Amino acid sequence: MSAFKIKHSKVHSKHKYAIFFLLALPLIYLCVWLYLNKTQVAIGQHILLFVGLYTLCILGAQFLYRLHINQMWQHLERVLHINQVTAELTLTAHDFNNETEFFSSLLDQAIKLIPAAQMGSIIKINQETQECEFLCARHMDLQALQSIRFSILQTFTYQLTAGKCDQVVSIDDITKFNSNNALSEQQCHILHNSCEVPIKATLSAPIYVNNTFYAMLNLDSPRAGAFGNFDRNLVAILSREASYALTSYQQAQQINALANSDGLTGLINRQRFDKLIHQQTAGQLLVIDLDNLKQINDQLGHTVGDDVIKAFANNLRHAFSETALIARFGGDEFVVFEPGNSAKLALSLQALSTMCQQHQPVIGYSVGQSHYQGDFDCSFAEADQAMYQQKKAKSKALSPMVMHSKSINSMPINSESINSEPMPSPAVDIDKANTAQHAG
């Protein structure tokens, strides 16, 4: 059974009780008159009074019935609007860049759908620590709210559902509830001052994803008792459908990640890089190839080799700027596009060299560079050729060492001995590279 169990309650209306009373009133009058009036005195007056009372009651009941029908029609329109909103959220889930955008859109729609809601927020729950954090808010100071640190045990939903968190809860007067809740006095002060007007009533609905309590949708009003049963039902529908839409969004993100990123390193793959590079106009293109990966795989195993690839990818992330495009093209080949200037690129390469030499086993690599000006194929070919020239130069430099080693092939290799003294990757002379390119 799903853990998401929203308890639905019927929309109670006083209209139907009033209609029943009005229809029964003439009959009650008739029965009382027949019981008390044993004689036939003034029977005409009583009949006239009965007819008049009956007519008024029928007209009143008809008026209330029409009012009830209009109210139910408005409720139906709101339900249809909720269905439309949730359908749009589900269909457009893949268009959101992150969860914050998704929840912000959900919160905006919820405030529009519930007339009494003038402000609101969405709280996300950390599944590991069970701590809560305000993810987005409307007509509230989000920065102030995010300074409040609290756990799920301190939330309205947890306390009012005895820890089940399986239904929509409402608080008609939050000031009375705050006097007995688990928040500190300072937290309550921050919460009250974060709003444009003081909160009096709150409506909170759980949002489940894959049977896990994932977030809470909170709608607030400055008027005590602002939310009725029908509002609770609407928010229950909205939160349930939002759960489906959020699941769809997460699945779309997972599919997108599988299609556009490298499974081992998390870097973007070649397909994604090809799309992004054509949006750039100029910069420096680097082709990087690991030197000693095959030796590590043969002597230490592929698990260690995979760890080296992941460590190198992590070094690339730290060495280059956030605006750089870093991709793994496959195997031990990486490509980096840096839109920054030459001086910035030189510093990044120096930082990368330092981090790779500090890793055990030491990570050796060869790098080739070209100046990108819109033609990726040409720039890539130039950088790739430069990288292989560097790799070939390293191989020639190591040849005399191999010839004078009598038992190098029989020596066991450990994590400290592999490339422990690698030939440093020669610094790329940016000016010479550019001069050679122009000369060509």
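Note that our numbering gives residue 88 to position 77 of the sequence shown, counting from 1, and the numbers run on in steps of one. Each residue gets a CB set at the ideal place from its N, CA and C atoms; glycine is no exception. Since the structure is predicted, the reported quantities are computational estimates derived from the model, not experimental observations.
- Beta-carbon to beta-carbon, L214 and S162 are separated by about 21 Å, too far to satisfy the 8 Å threshold.
- Rounded to the nearest angstrom, the gap between the Cα atoms of T334 and A128 is 41 Å.
- Per DSSP, the beta-bridge partners of A226 are K135 and I218.
- Here L249 is buried: its Cβ has 16 or more other Cβ atoms, across all protein chains shown, within 10 Å.
- Residue state for F348 is assigned as strand, using DSSP reduced to three classes.
- Beta-bridge analysis with DSSP links F145 to I134.
- Cβ atoms of L41 and C68 stay farther apart than 8 Å, at about 12 Å.
- The count of Cβ pairs closer than 8 Å, one atom from the region 275-294 and one from the region 106-124, stays below three, leaving the stretches out of contact.
- In chain order, I337 place their CB closer than 7 Å to the CB of R328, counting only its own chain and leaving out the 5 sequence neighbours on each side.
- At a cut-off of 3 residues, the continuous stretches assigned as beta strand (DSSP E) that sit fully inside the region 301-386 are 336-341, 344-349 and 376-383.
- Scanning Q178, I39, A263 and V90 for the CA closest to the CA of N109 turns up A263.
- For the pair G375 and C367, the CB atoms are nearer than the 9 Å cut-off.
- The region 279-298 and the region 241-248 do not touch, with fewer than 3 CB-CB distances between them shorter than 8 Å.
- Distance from S377 to K405 at the Cβ level is roughly 7 Å; contact confirmed, criterion being Cβ atoms closer than 8 Å.
- The C-beta of F31 has fewer than 16 other C-beta atoms within 10 Å across all chains shown, which makes the residue exposed.
- The beta-bridge partner set that DSSP reports for M151 consists of C206.
- Closest in alpha carbon position to R89, among N222, Q120 and A216, is Q120.
- Cα atoms of D106 and L297: separation of roughly 31 Å, rounded to the nearest angstrom.
- By the C-beta criterion, the region 193-211 is judged to be in contact with the region 155-171, since at least 3 inter-stretch pairs fall below 8 Å.
- Taking 9 Å as the cut-off, the Cβ atoms of M151 and D242 do not count as close.
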